[in-house]
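Undergrad: Okay, here's the structure, questions in a sec.
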Amino acid sequence: MAEPLVILHNPSCSKSRQTLGILEGRGVEPEVVLYKQTPPDRATVEKIVAGIDVEPSKLVRRDPEFKEAGLTPEDVRTAEQVVDVLLAHPALMERPVVVKGDRVVLGRPPENVEALLD
Numbered sequence: 014m015a016e017p018l019v020i021l022h023n024p025s026c027s028k029s030r031q032t033l034g035i036l037e038g039r040g041v042e043p044e045v046v047l048y049k050q051t052p053p054d055r056a057t058v059e060k061i062v063a064g065i066d067v068e069p070s071k072l073v074r075r076d077p078e079f080k081e082a083g084l085t086p087e088d089v090r091t092a093e094q095v096v097d098v099l100l101a102h103p104a105l106m107e108r109p110v111v112v113k114g115d116r117v118v119l120g121r122p123p124e125n126v127e128a129l130l131d
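Each number in this note's numbering corresponds to the 1-based position in the sequence shown with 13 added.
Structure follows, in structure tokens:
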């Protein structure tokens, strides 16, 4: 049985929509988690940070909310800091994040999701 594929999705994000489109175009029906409405718990964020295929700090968006929260790049240097920031500010999660088992990719660019498709 194939491992389930989960996408932490933001429908207002073009990259997230494109990544979901690639999956659906390949006949994959992922579990779609609208992470802004249903933020992931600590265990899920820790799994994402541990398995991501890029530096964990790249999971944190540096948008106006980042600055409004009083955060600086020094606040997201370690994996533990990234987990804490994403738990406190789920909207700062870069999107989309796609998880299959212990493997995690950031869908920037959306084609990165191909690495999870067998």
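Ideal Cβ placement from N, Cα and C applies to all residues, glycine included.
Buried or exposed: Glu-107, going by 16 or more other Cβ atoms within 10 Å of its Cβ?
TA: buried
Undergrad: Would you please state the rounded distance, in angstroms, between the beta carbons of Pro-109 and Pro-52? I believe it to be under 8 Å.
TA: That belief does not hold up - the Cβ atoms of Pro-109 and Pro-52 are roughly 15 Å apart, past 8 Å.
Undergrad: Can you check which of these residues, Leu-99, Leu-47, Gly-40 and Glu-44, is closest to Lys-71 by C-alpha distance?
TA: Lys-71 has its Cα closest to that of Leu-99, out of Leu-99, Leu-47, Gly-40 and Glu-44.
Undergrad: In its own chain, which residues sit with a C-beta less than 8 Å from the C-beta of Gly-64, not counting the 5 before and 5 after it?
TA: Val-112, Asp-115, Arg-116 and Val-117
Undergrad: Which stretch, first to last residue, makes up the beta strand (DSSP E) that contains Ile-20?
TA: 18-22
Undergrad: For Glu-42, which beta-bridge partners are listed by DSSP?
TA: Paired residues: none, contrary to the question.
Undergrad: Note down the Cα distance separating Thr-85 from Ile-35, rounded to an integer number of angstroms.
TA: 34 Å
Undergrad: Pick helix, strand or coil for Arg-116, following the three-state DSSP scheme.
TA: strand
Undergrad: Could you tell me which of Val-58, Pro-122 and Gln-50 sits nearest to His-22, measuring between CA atoms?
TA: Out of Val-58, Pro-122 and Gln-50, Gln-50 has the C-alpha closest to the C-alpha of His-22.
Undergrad: Expressed to the nearest angstrom, what Euclidean distance is found between the alpha-carbon atoms of Thr-91 and Leu-119?
TA: 18 Å
Undergrad: Under 9 Å, do Val-19 and Val-45 count as touching if we go by C-beta distance?
TA: The answer is yes: Cβ separation under 9 Å.
Undergrad: Per DSSP, what are the beta-bridge partners of Val-110 in this structure?
TA: Leu-21 and Leu-119
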